[in-house]
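In what follows, a structure is listed as structure tokens, so that the remarks can point back to it.
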Ligand code: AMP
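In the working numbering, the protein residues as written are 255 to 538.
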């Protein structure tokens, strides 16, 4: 596996790979790999001849009081895991290389960026769209793999690709979970043993409750959401940022449960903000 730091070197490698008629898949990440990341890499391996994984903790997508400086990092371990997962190139640019001092351009996907996480994290999706656009230009992938775990991010990227006529296919990978249902996330490392055990599971329990209620015939979104919020409140040390039922394409709130409904949630567990989402009615 090749470790590349410079965007120019990365671009040259991709160009060379493409002249050999190889297809290329990109998996953008912020590192500190867990099994969720590794499954995205395996999917990339299935889809394309060459796999590039980027690790970049993107300052542009963090708010002033967010966790940019303490975001977990372990490049040596990530390198080993990526190499074992048959990744061809690990691309780890520096912030200075990605954003030279005179950079001015940002990409904003208007409506989809506004609600949900965009409300509590202003500017977040502008940072995400901008860095993903840059990574797409540098690596010129045929495929890019994203996780459904970050559902709004996935919607924003898909919209950007459509709006800018980008010739890249987006593959959405289902959320990978711990055996007890907690969605894997690098940020789970922030949880204390007690928070992990007694509180973090509230999101998965909310999904299970929603599915049970819908299977029993519940279709009224406000009533369903009230039940979910009270379930979450019964877990110690939790604070709901949002819990919504949205159409999975437009991300617009729904009054009634449909086959296109997604339950989307952000909950603070102690100091750690966790997100999760799921379809709640496969059979409607
Ligand atoms: P991150 O490093 O957290 O920015 O995530 C990099 C990519 O991995 C994004 O496309 C995420 O949606 C995806 N991802 C993170 N956690 C999971 C998970 N538990 N299951 C599936 N994909 C995930």
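The beta-carbon is built from N, C-alpha and C at its ideal position, and this holds for glycine as well. In this text the structure is predicted, and so the values were computed from the model without any measurement.
- Item | 8 angstroms CB neighbourhood of residue 510 in its chain, flanking five on each side removed | 473, 474 and 475, listed in sequence order.
Can you tell which of 344, 441 and 416 has its C-alpha closest to the C-alpha of residue 383? Nearest C-alpha to residue 383: 416.
Checklist entry - Nearest CA to the CA of residue 222: which residue from 398, 535, 355 and 290? => result With the chain running from 255 to 538 in the structure shown, residue 222 is simply not present.
Does the Cβ of residue 328 lie closer than 7 angstroms to at least one heavy atom of the ligand AMP?
-> No, the ligand AMP has no heavy atom inside 7 angstroms of this Cβ.
| said: Considering just the uninterrupted stretch of the alpha helix (DSSP H) at residue 334, what are its terminal residues? | reply: Taken as a continuous stretch (DSSP letters only), the alpha helix (DSSP H) holding residue 334 covers 329 to 338.
Closer than 7 angstroms to a non-hydrogen atom of the ligand AMP - does that hold for the CB of residue 307?
No, the Cβ of residue 307 stays beyond 7 angstroms of every heavy atom of the ligand AMP.
Note to self: Given this structure, state the Cα-to-Cα distance separating residue 358 from residue 352, to the nearest angstrom.
What the structure shows: The straight-line gap separating the alpha-carbon atoms of residue 358 and residue 352 is approximately 12 angstroms.
Say yes only if the C-beta of residue 488 is nearer than 7 angstroms to one or more non-hydrogen atoms of the ligand AMP, and no if none qualify.
No - the ligand AMP has no heavy atom lying nearer than 7 angstroms to the Cβ of residue 488.
Worksheet item: Mind checking whether the beta-carbon of residue 290 lies closer than 7 angstroms to any heavy atom of the ligand AMP?
Response: Yes, since a heavy atom of the ligand AMP falls inside the 7 angstroms radius drawn around the Cβ of residue 290.
Fill in: Own chain partners of residue 409 with C-beta closer than 7 angstroms, once the 5 adjacent residues on each side are dropped
Cβ within range, chain order: 366 and 505.
Given residue 525, which residues of its chain have a CB within under 8 angstroms of its CB, disregarding the five upstream and five downstream residues? The beta carbon of residue 525 lies closer than 8 angstroms to those of 444 in the same chain, with the five residues before and after it left out.
Q. In the region 412 to 486, which residue ranges form an unbroken alpha helix (DSSP H) of at least 4 residues, counting only runs that do not cross its ends?
A. Assignment of alpha helix (DSSP H) within the region 412 to 486, counting only whole runs of 4 or more residues, yields 447 to 452 and 456 to 469 in chain order.
Applying the criterion that 16 or more other CB atoms from any shown protein chain within 10 Å of the CB defines a buried residue, is residue 313 buried or exposed? Exposed: under 16 other Cβ atoms inside 10 Å.
Next on the checklist: Rounded to whole angstroms, what is the Cα-Cα separation between residue 393 and residue 490?
Outcome noted: If you draw a straight line from the Cα of residue 393 to the Cα of residue 490, it is about 45 angstroms long.
Using a threshold of 7 angstroms, is the CB atom of residue 282 nearer than that to any non-hydrogen atom of the ligand AMP?
At least one heavy atom of the ligand AMP falls within 7 angstroms of the beta-carbon of residue 282.
Review point. Nearest to residue 424 by alpha carbon, out of 268, 332 and 278?
Key: The residue from 268, 332 and 278 with its alpha-carbon nearest to that of residue 424 is 278.
Below 8 angstroms on the Cβ atoms is my guess for residue 500 versus residue 508; work out the distance and round it to an integer in Å.
About 6 angstroms; that satisfies the 8 angstroms criterion.
Since residue 518 and residue 531 are thought to touch, with beta carbons under 8 angstroms apart, how far apart are those beta carbons, to the nearest angstrom? The beta carbons of residue 518 and residue 531 sit about 4 angstroms from each other, so the pair counts as a contact at 8 angstroms.
Residue 513, DSSP secondary structure in three states:
Coil, per DSSP.
Exercise. I think residue 481 touches residue 467, with their Cβ atoms under 8 angstroms apart; what is that distance to the nearest whole Å?
Worked result: With 8 angstroms as the limit, residue 481 and residue 467 qualify as a contact, their Cβ atoms being about 6 angstroms apart.
**Prompt:** Does the pairing of the region 330 to 337 with the region 366 to 379 give three or more beta-carbon distances under 8 angstroms?
**Reply:** Because the criterion of three Cβ pairs below 8 angstroms is not met, the region 330 to 337 and the region 366 to 379 do not touch.
Is residue 471 buried or exposed, if buried means 16 or more other CB atoms sit within 10 Å of its CB?
Answer is exposed; the Cβ neighbour count stays below 16.
Endpoints, alpha helix (DSSP H) assigned at residue 279 | Counting along the chain, residue 279 falls outside any alpha helix (DSSP H), though it belongs to the beta strand (DSSP E) covering 278 to 283.
| message | I'd like to know whether the C-beta atoms of residue 308 and residue 389 end up nearer to each other than 8 angstroms. | response | Closer than 8 angstroms, so yes.
Item to check | Own chain, CB closer than 8 angstroms to residue 317, minus 5 neighbours either side, in chain order | outcome: Beyond the five residues adjoining it in sequence on each side, residue 317 comes within less than 8 angstroms, by CB distance, of 375, 376, 377 and 378 in the same chain, given in chain order.
Is the separation between the beta-carbon of residue 281 and that of residue 298 shorter than 8 angstroms? In this structure, residue 281 sits near residue 298, with a CB-CB distance shorter than 8 angstroms.
Note down the Cα distance separating residue 341 from residue 300, rounded to an integer number of angstroms.
Each residue's alpha carbon lies about 11 angstroms from the other.
**Prompt:** Which of the three DSSP states, helix, strand or coil, is assigned to residue 296?
**Reply:** Assignment of residue 296 by DSSP, reduced to helix, strand and coil, places it in the helix class.
(message) Rounded to the nearest angstrom, what separates residue 264 and residue 303 at their Cα positions?
(response) Between the alpha carbons of residue 264 and residue 303 lies a gap of roughly 16 angstroms.
Taking the beta carbon of residue 427 as the centre, do at least 16 other beta carbons fall within 10 Å, making it buried, or is it exposed?
By the 10 Å Cβ count, residue 427 comes out buried.
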